[in-house]
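Written below as structure tokens is the structure these notes are about.
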Amino acid sequence: MASFFGAPPTNPTPAPVLGAKAAAKAVSATSVPPCPGSHSSTPLCLQPSITITENTSEVFAVKFNPDGKFLAACCGDGAIRVFNSETGRMAYNLQRGSAVALPSTAVKFRPDVETVKTKNVLISADALGNVEHWHMTSGKCLHSFKEEDNQIFALDFRPDATQFATAGKDTAIRIYDEQTKQQVVKMERGMGFGPSAAPGHSNRVFAVKFHPNDHNVLISGGWDNTIQVWDTRVGKAQRSIFGPHLCGEALDLQGDVILTGSHRADDPLETWDYGTGEKISSVKIFDDGRSEPSQLYSAQFAKASLSGYEEKPRLIACGSSGVNEARVYDMENGSCCVGVVGGMSRAVFATDWSPKENKLAVAGGDASIRFVNVVEKGKIETRGVTGGDENVKVN
1 MASFFGAPPT
11 NPTPAPVLGA
21 KAAAKAVSAT
31 SVPPCPGSHS
41 STPLCLQPSI
51 TITENTSEVF
61 AVKFNPDGKF
71 LAACCGDGAI
81 RVFNSETGRM
91 AYNLQRGSAV
101 ALPSTAVKFR
111 PDVETVKTKN
121 VLISADALGN
131 VEHWHMTSGK
141 CLHSFKEEDN
151 QIFALDFRPD
161 ATQFATAGKD
171 TAIRIYDEQT
181 KQQVVKMERG
191 MGFGPSAAPG
201 HSNRVFAVKF
211 HPNDHNVLIS
221 GGWDNTIQVW
231 DTRVGKAQRS
241 IFGPHLCGEA
251 LDLQGDVILT
261 GSHRADDPLE
271 TWDYGTGEKI
281 SSVKIFDDGR
291 SEPSQLYSAQ
301 FAKASLSGYE
311 EKPRLIACGS
321 SGVNEARVYD
331 MENGSCCVGV
341 VGGMSRAVFA
351 TDWSPKENKL
361 AVAGGDASIR
371 FVNVVEKGKI
381 ETRGVTGGDE
391 NVKVN
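Residue 116 in UniProt numbering sits at position 116 of the sequence shown, and the numbers go up by one each step.
Below, the structure is given as structure tokens:
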């Protein structure tokens with residue numbers, strides 16, 4: 001991440017600032033060789049959508065809001081910009097960027113649950129340790145506090161929206177009460193002995209994720225090559241998985257399957273059994289004969305179902321340095337590569353799936369934000385998909 005000096009400005013300014021040029025640039029699609037071992041009865045491909053080209057700083061994190069209409073982006077100039085995911089235009093500028101600001105590093109929208117009265121709320125964090133609650137539509141900062149002597153790289157909301165977690169440079173996992181904004185527990189150590197012992201983290205933490213069903217459990221990962229499994233009721237790590245080396249939000253949990261994306265050349269994309277901690281699979285990163293390694297910064301399961309009845313995670317997206325691209329894999333189709341979002345001059349730091357449809361956002365060091373859709377082959381709509389840089393490849 002970039003290094004700057006000074007604090008980001010605190011006055012929110014909601015403003016669509018993209019100029020007279022098109023806010024979103026359409027892209028075209030070219031084919032790539034089919035994946036070996038393909039056997040699905042419903043083959044999939046990527047449909048290019050739009051590319052936001054007028055963002056002014058690298059993007060370290062992106063997140064869709066609960067209805068998928070907006071995408072929040074954390075930028076290297078400290079800005080938090082919210083874009084319309086259908087038009088690509090900036091809808092809200094919650095925090096303006098500055099040449100002397102440290103990066104905004106993490107963002108999460110608060111879940112829309114019945115017990116929450118105020119909608120359109122998100123939290124953000126930065127490399128100075130600031131945590132801020134924003135009301136997206138009004139542009140107001142609702143609350144802010146600072147974790148002294150810490151750089152925050154990861155955030156997550158408990159699914160029932162009653163708590164949120166932070167993690168970063170100082171290796172601790174902190175849990176806060178969403179209503180009072182007070183710290184509930186600070187988790188640093190673990191328990192147990194042997195191969196699955198959980199001593200807690202010994203280096204920077206870049207990803208934290210609440211369990212979707214057991215809300216007292218969360219997992220985390222970072223530079224120390226472990227995934228820690230924490231129980232907030234006891235305030236300690238209960239067990240750990242050794243292996244994944246995370247350098248970004250490359251950790252997800254769906255059902256009983258953990259997904260990790262490691263920043264390394266060998267076996268970067270892996271799935272693990274949550275119950276046993278055993279590796280399920282290592283997804284082959286299809287290298288297309290190139291020498292550059294795919295060292296991952298992001299990895300995530302799709303949130304929306306393709307058919308409505310999948311019992312196991314089907315689609316995976318990952319973003320990388322080296323080859324500077326994002327890829328989508330179909331786990332029901334022999335881990336086949338569905339398609340590639342490429343053409344970036346710098347690394348892909350962030351990917352996020354829409355919660356309502358199989359739309360993927362891709363962003364990174366070149367400051368652009370790209371949107372693609374996953375569709376069944378033969379159902380691609382070409383209307384509006386013209387011109388572009390041919391930076392989306394489909395199988």
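Ideal placement from N, C-alpha and C gives every residue a C-beta, glycine not left out.
Do residue i and residue j have their C-beta atoms closer together than 9 Å?
i, j, result
"Lys284", "Ser335", "yes"
"Phe206", "Ala237", "no"
"Phe157", "Ala125", "no"
"Gly139", "Tyr92", "yes"
"Ser104", "Ala61", "yes"
"Ser368", "Thr51", "yes"
"Ala165", "Val208", "yes"
"Gln300", "Pro268", "no"
"Val338", "Ser49", "no"
"Thr53", "Cys75", "no"
"Ala72", "Leu142", "no"
"Lys359", "Ser85", "yes"
Which of the three DSSP states, helix, strand or coil, is assigned to residue i?
i, result
"Cys247", "coil"
"Met90", "strand"
"Pro8", "Low confidence applies to Pro8: its pLDDT is 31, below 50, so where it sits in the model is not reliable, and the reading given next is rough at best. Here Pro8 sits in coil by DSSP."
"Ile241", "strand"
"His215", "coil"
"Ala107", "Contrary to the premise, residue 107 reads as Val rather than Ala in this sequence. In this structure, Val107 counts as strand in the three-state DSSP scheme."
"Tyr274", "coil"
"Arg189", "coil"
"Gly378", "coil"
"Thr260", "strand"
"His201", "coil"
"Gly129", "coil"
"Arg346", "coil"
Going by C-alpha distance, which of the options is nearest residue i?
i, options, result
"Ser281", "Leu155, Thr260, Val82", "Thr260"
"Val348", "Val131, Glu58, Arg96, Thr53", "Glu58"
"Thr276", "Val328, Ile258, Ile123", "Ile258"
"Phe83", "Asp77, Ala172, Gln182, Lys63", "Lys63"
"Glu278", "Ala265, Pro293, His263, Asp256", "Asp256"
"Asn150", "Gly200, Val131, Ala363", "Val131"
"Thr87", "Leu142, Pro66, Val217, Phe70", "Phe70"
"Arg264", "Val323, Lys303, Trp230", "Val323"
"Glu325", "Gly365, Glu332, Asn333", "Gly365"
"Ala106", "Glu148, Thr118, Leu155, Arg96", "Leu155"
Rounded to whole angstroms, what is the Cα-Cα separation between residue i and residue j?
i, j, result
"His211", "Asp330", "23 Å"
"Pro244", "Thr226", "6 Å"
"Gln47", "Met344", "18 Å"
"Cys249", "Pro313", "According to the sequence as given, residue 249 is Glu; it is not Cys. C-alpha separation (whole angstroms): 18 Å."
"Gln228", "Arg239", "6 Å"
"Gly68", "Thr137", "15 Å"
"Pro111", "Trp134", "14 Å"
"Val375", "Asn203", "40 Å"
"His215", "Thr180", "19 Å"
"Lys377", "Cys45", "6 Å"
"Thr115", "Lys356", "21 Å"
"Gly342", "Ala361", "13 Å"
"Thr42", "Cys318", "22 Å"
"Gln182", "Ile175", "9 Å"
"Leu94", "Ile80", "5 Å"
"Arg370", "Thr351", "10 Å"
"Arg189", "Gly235", "8 Å"
"Ser321", "Pro66", "28 Å"
"Ser354", "Asn120", "15 Å"
"Ser40", "Ser262", "Residue placement at Ser40 is flagged as unreliable, the pLDDT there being 48, under the threshold of 50; the coordinate-derived value follows with that caveat. Those two C-alpha atoms are separated by around 27 Å."
For residue i, which beta-bridge partners are listed by DSSP?
i, result
"Tyr63", "Rather than Tyr, the amino acid found at residue 63 in this sequence is Lys. According to DSSP, Lys63 bridges with Ala72."
"Asn373", "Gln47, Lys359"
"Gln228", "Ser220, Ser240"
"Arg174", "Thr166, Lys186"
"Glu58", "Answer by DSSP bridge pairing: none, since Glu58 is not bridged."
"Glu114", "Answer is none; Glu114 lacks a bridge partner."
"Val328", "Ala317, Gly339"
"Gln95", "Ile80"
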